[in-house]
């Protein structure tokens, strides 16, 4: 059997919304089928675990992905699980101006050369990524605001609290401070 072949794609796009708006919308994985042609459905199982259905027509597949790093307004990085362990990606956000954001998507996939895999594989091409990012741009600029947000932090696959809990008074009903 031939050795596994690695594919890498990196694409960038500028969107005319603030960085927090672009980032917040990107965290709403369930909305991806509204603007990404190759995404059929996304189920958020936990803050750091998702199930994706991608493809077109009869050539669809389902895989699990774990978010391994997430920093609000900066980065979301993931890795495929199970059969798709060779799939890794990240999306980085950078404010260019108050209402302008650069989004950079990087994806690396190691194709395992099995007959089943080759028959069901969607090629990673810059053209495909450009068109999908273009649809995200049209969506977010058309709406002008995010449909939701998850601003939590994930480090090394572990979900960190969104904010520290305020100190509690030892006396019920008394304010702290």
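Numbering (the numbering used here), first residue to last: 16 to 192.
C-beta: ideal position from N, C-alpha, C; glycine also.
Alpha carbon to alpha carbon, what distance is there between residue j and residue i?
{"i": "residue 64", "j": "residue 169", "result": "11 Å"}
{"i": "residue 85", "j": "residue 165", "result": "10 Å"}
{"i": "residue 24", "j": "residue 116", "result": "20 Å"}
{"i": "residue 98", "j": "residue 141", "result": "24 Å"}
{"i": "residue 113", "j": "residue 73", "result": "43 Å"}
{"i": "residue 125", "j": "residue 96", "result": "13 Å"}
{"i": "residue 88", "j": "residue 119", "result": "12 Å"}
{"i": "residue 123", "j": "residue 105", "result": "9 Å"}
{"i": "residue 33", "j": "residue 160", "result": "9 Å"}
{"i": "residue 154", "j": "residue 62", "result": "23 Å"}
{"i": "residue 163", "j": "residue 44", "result": "10 Å"}
{"i": "residue 133", "j": "residue 53", "result": "Residue confidence for residue 133 is low, a pLDDT of 40 falling below 50, so the modelled location carries little weight; the figure read from the coordinates is stated next. Distance between the alpha carbons of residue 133 and residue 53 is about 17 Å."}
{"i": "residue 148", "j": "residue 50", "result": "9 Å"}
{"i": "residue 9", "j": "residue 101", "result": "In the structure displayed, the chain extends from 16 to 192; residue 9 sits before or after that span and is not available."}
{"i": "residue 156", "j": "residue 22", "result": "30 Å"}
{"i": "residue 37", "j": "residue 167", "result": "15 Å"}
{"i": "residue 40", "j": "residue 108", "result": "12 Å"}
{"i": "residue 150", "j": "residue 46", "result": "12 Å"}
State the DSSP-derived secondary structure class of residue i, mapped to helix, strand or coil.
{"i": "residue 41", "result": "helix"}
{"i": "residue 72", "result": "coil"}
{"i": "residue 111", "result": "strand"}
{"i": "residue 49", "result": "helix"}
{"i": "residue 32", "result": "coil"}
{"i": "residue 89", "result": "coil"}
{"i": "residue 104", "result": "strand"}
Figure out for me which residue from the options has the closest Cα to the Cα of residue i.
{"i": "residue 48", "options": "29, 69, 32", "result": "69"}
{"i": "residue 80", "options": "87, 71, 91", "result": "91"}
{"i": "residue 30", "options": "43, 111, 75, 143", "result": "111"}
{"i": "residue 174", "options": "83, 46, 108", "result": "83"}
Which two residues bound the contiguous beta strand (DSSP E) that contains residue i?
{"i": "residue 96", "result": "It is not in any beta strand (DSSP E) - residue 96 carries neither H nor E in the DSSP assignment."}
{"i": "residue 56", "result": "54 to 61"}
{"i": "residue 217", "result": "Only positions 16 to 192 of the chain appear in this structure, which leaves residue 217 out of reach."}
{"i": "residue 165", "result": "From DSSP, residue 165 is part of no beta strand (DSSP E); its letter is neither H nor E."}
{"i": "residue 174", "result": "173 to 175"}
Hey, residue i and residue j: beta-carbon distance below 9 Å or not?
{"i": "residue 77", "j": "residue 67", "result": "yes"}
{"i": "residue 152", "j": "residue 28", "result": "yes"}
{"i": "residue 145", "j": "residue 26", "result": "yes"}
{"i": "residue 55", "j": "residue 42", "result": "no"}
The alpha helix (DSSP H) that contains residue i, what's its start and end?
{"i": "residue 145", "result": "141 to 158"}
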